[in-house]
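First residue of the sequence shown? That's 2 in this note's numbering, and the numbers climb one at a time after it. From the three backbone atoms N, C-alpha and C, an ideal C-beta is built for every residue, glycine too.
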Amino acid sequence: MGIFFKSRSEDSPKEILNWRLWFGVFGKLSTLAQDTISTDKTQSVFGLMGAARGLDEGLIGTSASLPSFQRHFGLGENSDLSESEQADLLGNIASMVQMGSILGALIAFYITDKIGRLWATRQLCLLWVGGIAIFLGSASTAKIGMLYAGRFIAGMGIGQTTVVAPTYLAEVSPRFTRGLCVCMFSGSVYLGIMLSYFASWGSSINISPDTQLQWVIPNLLHIYFASIIFFLSFFAIESPRWLVKVGKHEEAAAKLSKLRNLPAEHWYVQSELLDINNQLDREREATMGNTWFGPVKELVSLPENRYRLMLSVFSQLLGQWSGASSITIYATQYFAMMGVTGDQEGLFATAIFGIVKFCSALICAFFLIDFLGRKKALMSGISLQFISMLYMALFLLIDTGIADDEPQSSSQKAAAKGAIVMIYISGFGWALGWNSIQYLINSEIYPLRLRAIGGSFAMTFHFVNQYGNSKAVPKMFISMTTGGTMMFFAVITAIGFFWTWFFVPELANKSLEAIDAVFELPWYLIGRKGKQMTLNMGGAVENFGQEKDRVDMVEDAGDAEKRG
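Dropping the structure here:
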């Protein structure tokens, strides 16, 4: 934990880094006594929710490579469909969850703000399980419509996780560990991917391809995880920021006190509550008299919010079309391009790829995203991803016979091994860069009033692009060739590097309430000089000097609140 204390303000109480926070982030049982756990609610569910996306991305591509799945739905070498028709079918199957996720992310802001983060979690789990049950039911009917419907409904639940969990994690985290906490959600994406890859690989070895259980059993992971998250949500602590927003101030103070492991009257807890209330009061004053459409109007009418929207849109657009997401979904096909032959060999290489991405996500979350800062981490990740994409593109453009298992010279074999290594390097770059930032930045940049709707818009756009990507890639391999497709991804990645350098501000170690000062700067200064020009602008927690001054300030604020 030394690295967290290194970035922690010297006057921040050490108690705020406590077992409730880490239990909530990592989603694992603590070693506390059972009676302690039974009397204290914990927010153990939210860090684990990223596995929803990871399970789908990891399972659908590998399931589609299993002989039982291919035979059941008319894919593979023995299919009566043409290559183009198979590409269409595979794209539809893979992208149907993204279609549902578009709707799920779109409605998530309303549900999250209306019923709170906890009940939003429970209803999305029910949608997730119900959809997967319909999807698995297609194993007995072979009806492609049933498969589509099940995956669409499951996607409505999975799409909501990308709004609910990052919003909650950003709201409950101390400012200097917010990067770690939100990035544990993206780390859980890779936990789901890794388990999915190994489940499919194990099924290919141990379950006969003559039975539909070969692909049904791995997909039961969806139901396992959804059930765990649903159960743990009943031991969770609601977001204090949401409680303040809906007027439950006493409950918010009690929950924040429990989260920070400090008395409710402690200066740090009171300072954080003061920041939250001040920001909410400013927002309400600015939007007084607005209708329900007010937040939407505010989101697009104010210059600082339009800049926030631009960050949301381009972080999703450039991230999704950088190619890494398509590698995750179609990993077995990518390894086949690089010369990895055989179904089991391809699935094993894919499983190792899952381990690399999972470990990379943990390394980035623990040691890089808060320590290096958002911007440096993103630019470093993009650089690694660009190098790997460019190598793979050049390799595929030059050596066009590797995927057809033609005889290779020693130099060609060495180049092919290098291309395989580059797939792994691209995974690390993606984990360090776009995958961490696409959730983190959208949970940080919006003020409390707009956080849910801003995150919902961002993730809706995310799934629109992921749908387009997963749907288009099989066709792109045919029309643009595999090498041309990888070169396209490399160019998009390079564009993302320069966009990041100019537009993305550094927000590490700033409270959610203090981030507003960055976006009040002229647009051309926000990305390049935002951090330096707002060093002395912050919320109560950052700016309080000695503890005595803090206590006096908070007591005065408390008296004023009582008079109000």
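Which residue from the options puts its Cα closest to that of residue i?
i    : options                   : result
L49  : H463, T163, I388 and A140 : T163
V320 : I116, L125 and F490       : In the sequence as presented, Val is not what sits at residue 320; that position holds Gly. Among I116, L125 and F490, the Cα nearest to that of G320 belongs to F490.
Q386 : S258, M147, C360 and V422 : V422
T63  : L391, I493, F336 and S187 : F336
I442 : Y468, W120 and Q317       : Q317
W435 : V492, W524, A325 and E299 : A325
G497 : G158, W322 and L233       : W322
S437 : M97, T113, I159 and S187  : S187
K377 : L137, A65, R529 and G105  : R529
L244 : L508, I112, R118 and S384 : R118
Y440 : G92, S258 and L181        : L181
L275 : A515, E521 and M534       : A515
F503 : I527, T482, L522 and M481 : I527
G419 : I364, L363, E346 and M339 : M339
A106 : Y149, I94 and V165        : V165
I238 : G485, N466, N262 and A495 : N262
A88  : M100, F499, Q71 and Q99   : Q71
Y308 : L522, V492 and R450       : L522
L253 : M97, I277, S381 and W268  : Note that residue 253 is Ala in the sequence shown, not Leu. Checked all of M97, I277, S381 and W268; the closest Cα to A253 is I277.
Y468 : V46, G75, H73 and G101    : G101
S471 : N93, G59, L67 and I383    : N93
L303 : S83, L451 and L90         : L451
Could you compute how far the alpha carbon of residue i sits from the alpha carbon of residue j?
i    : j    : result
G193 : I145 : 25 Å
Y447 : A459 : 11 Å
R103 : D57  : Residue 103 is actually Ile in this sequence, not Arg. Whole-angstrom Cα-Cα distance: 15 Å.
M147 : I135 : 7 Å
A416 : M487 : 16 Å
M393 : I424 : 8 Å
V130 : M185 : 23 Å
I4   : A53  : Bear in mind that a pLDDT of 44 at I4, under 50, signals an unreliable position, so the model cannot answer this.
E266 : Q213 : 59 Å
L310 : V301 : 8 Å
K256 : P241 : 6 Å
G455 : S69  : 42 Å
I61  : K246 : 39 Å
S361 : G428 : 8 Å
F235 : L397 : 51 Å
W524 : V505 : 11 Å
I230 : C126 : 7 Å
R152 : K532 : 43 Å
L391 : F226 : 36 Å
S411 : A432 : 32 Å
V357 : T351 : 10 Å
G160 : V183 : 16 Å
W202 : P210 : 12 Å
G347 : K476 : 21 Å
W500 : I383 : 11 Å
Q413 : I399 : 10 Å
L379 : A509 : 12 Å
Quick one: is residue i buried, meaning 16 or more other Cβ sit within 10 Å of its Cβ, or exposed?
i    : result
I426 : buried
I479 : exposed
L536 : exposed
S85  : exposed
E172 : buried
K220 : A small correction: the amino acid at residue 220 is Asn; Lys does not occupy that position in the sequence shown. Classification of N220: buried, given that the 10 Å Cβ count is 16 or more.
A200 : buried
D282 : exposed
F464 : buried
G248 : exposed
A143 : exposed
E507 : buried
K115 : exposed
S139 : buried
N79  : exposed
Q345 : exposed
I330 : buried
N466 : buried
K259 : buried
Q334 : buried
P296 : buried
S205 : buried
Checklist entry - Hey, which unbroken runs of the beta strand (DSSP E) at 3 residues or more fall wholly within the stretch 137-222? => result Listed in chain order, nothing qualifies, since the stretch 137-222 has no complete beta strand (DSSP E) run of 3 or more residues.
Next on the checklist: Quick check on the DSSP output: what are the complete alpha helix (DSSP H) runs of length 4 or more inside the stretch 233-271, in order along the chain?
Outcome noted: Listed in chain order, the complete alpha helix (DSSP H) runs (minimum 4 residues) inside the stretch 233-271 are 241-246 and 250-261.
Checklist entry - What residue ranges within the stretch 307-366 form continuous beta strand (DSSP E) runs of no fewer than 3 residues, ordered along the chain? => result DSSP runs (the beta strand (DSSP E)) wholly in the stretch 307-366: none.
Checklist entry - At what residue ranges does the stretch 473-530 contain a whole run of the beta strand (DSSP E), taking only runs of 3 or more? => result Those beta strand (DSSP E) runs which fall completely within the stretch 473-530 and span 3+ residues do not exist here.
Checklist entry - Could you give the uninterrupted runs of the beta strand (DSSP E) lying entirely in the stretch 409-481, keeping only those of 3 residues or more? => result Counting only runs of 3 or more residues that sit fully inside the stretch 409-481, no beta strand (DSSP E) segment turns up.
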